[in-house]
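A.B. asks:
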Amino acid sequence: MPDIISVDGAAFDILFSRTFRGEVHSVFARAINFTDGCGNLYCLAAEELDDAPGTVRVSLPAACGMTGLRIRPGDPVASTGKELVVGNVIWRIGRERRWAAGLPPFPRRRRRLAASLAALRRLVAAEGAGGGMKAFVEGKMAGSLIEQGLAGRAAELVAALRAGNVGATRAAGLRLVGLGVGLTPSGDDFLAGVMLVFCMPNAGFGADFREMAAELAAGAE
Numbered sequence: 139m140p141d142i143i144s145v146d147g148a149a150f151d152i153l154f155s156r157t158f159r160g161e162v163h164s165v166f167a168r169a170i171n172f173t174d175g176c177g178n179l180y181c182l183a184a185e186e187l188d189d190a191p192g193t194v195r196v197s198l199p200a201a202c203g204m205t206g207l208r209i210r211p212g213d214p215v216a217s218t219g220k221e222l223v224v225g226n227v228i229w230r231i232g233r234e235r236r237w238a239a240g241l242p243p244f245p246r247r248r249r250r251l252a253a254s255l256a257a258l259r260r261l262v263a264a265e266g267a268g269g270g271m272k273a274f275v276e277g278k279m280a281g282s283l284i285e286q287g288l289a290g291r292a293a294e295l296v297a298a299l300r301a302g303n304v305g306a307t308r309a310a311g312l313r314l315v316g317l318g319v320g321l322t323p324s325g326d327d328f329l330a331g332v333m334l335v336f337c338m339p340n341a342g343f344g345a346d347f348r349e350m351a352a353e354l355a356a357g358a359e
């Protein structure tokens, strides 16, 4: 029986309530996404992945990825209050660790910020998939038409942020919504990172930027 390793504390009471009902959205080697019928997306993630909002990290039987569990999109997801049943697999509440998500403060010192950005670029270069925002983040020439579109619109967003222009930032952000490849389009992923910065303590962005981020998030739904 697979064990639950950790659960997002904010989602725990929702996912393990007797009234929870949903269905499987998509299945990958190390993750199963499922919805609650109201447009909210949750995830069962393999133990080696990170904690994340709306996510339950679980162990898996030896040599068995998520695809080996024979769970398919459209399969029902339900809770008994003590168990989360996904397809024919039961995930029981036991000694799971509940955690709370929080944003770290924005680096105040330029040297630390520069070091963090350099580390991020190295990570993107080593792990990032081509065809999306990778070329832009690495400062390289975009190849495909999608890469060119992403790079151009991301550059517009960065320029608007440097100018402190909320309206121009909103317009540039909306042009990125839904653009790109992947289950979540590359433009949406890029925007999510930018919007998190707006909400970081000491980031220096006012309430108008945070309100604009909420508008962009609504436009991406």
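Using this note's numbering, the letters of the sequence shown correspond one by one to residues 139 to 359. Every residue, glycine too, gets a C-beta built ideally from N, C-alpha and C.
In this structure, how does DSSP classify Cys-181 when only helix, strand and coil are distinguished?
C.D. replies: Of the three classes helix, strand and coil, the one that applies to Cys-181 here is strand, per DSSP.
A.B. asks: Note the first and the last residue of the continuous alpha helix (DSSP H) segment covering Phe-328.
C.D. replies: Run containing Phe-328: 324-337, per the alpha helix (DSSP H) assignment.
A.B. asks: Below 6 Å CB to CB, which residues in the same chain sit around Ala-341 once its five sequence neighbours on both sides are set aside?
C.D. replies: These residues qualify, in order along the chain: Phe-244 and Val-335.
A.B. asks: If you pair each beta-carbon of the segment 251-267 with each one of the segment 171-186, do three or more pairs fall below 8 Å?
C.D. replies: The segment 251-267 vs the segment 171-186: no contact.
A.B. asks: Identify whether Ala-216 lies in helix, strand or coil by the three-state DSSP scheme.
C.D. replies: Looking at Ala-216 - three-state DSSP - the assignment turns out to be strand.
A.B. asks: Just to confirm my understanding: we take Lys-367, look at its own chain, exclude 5 residues before and 5 after, and list those with CB closer than 7 Å. What are they?
C.D. replies: Nothing can be reported for residue 367: it is not among the residues displayed for the chain, which extend from 139 to 359.
A.B. asks: By how many angstroms is the C-alpha of Met-333 removed from the C-alpha of Ser-254?
C.D. replies: Approximately 17 Å between the Cα atoms of the pair.
A.B. asks: Buried or exposed: where does Val-285 fall if 16 or more other Cβ atoms within 10 Å of its Cβ makes it buried?
C.D. replies: It should be noted that the sequence gives Glu, not Val, for residue 285. Answer is buried; the Cβ neighbour count reaches 16.
A.B. asks: From which residue to which residue does the beta strand (DSSP E) around Arg-259 run?
C.D. replies: Per DSSP, Arg-259 belongs to no beta strand (DSSP E); it is in the alpha helix (DSSP H), 248-265.
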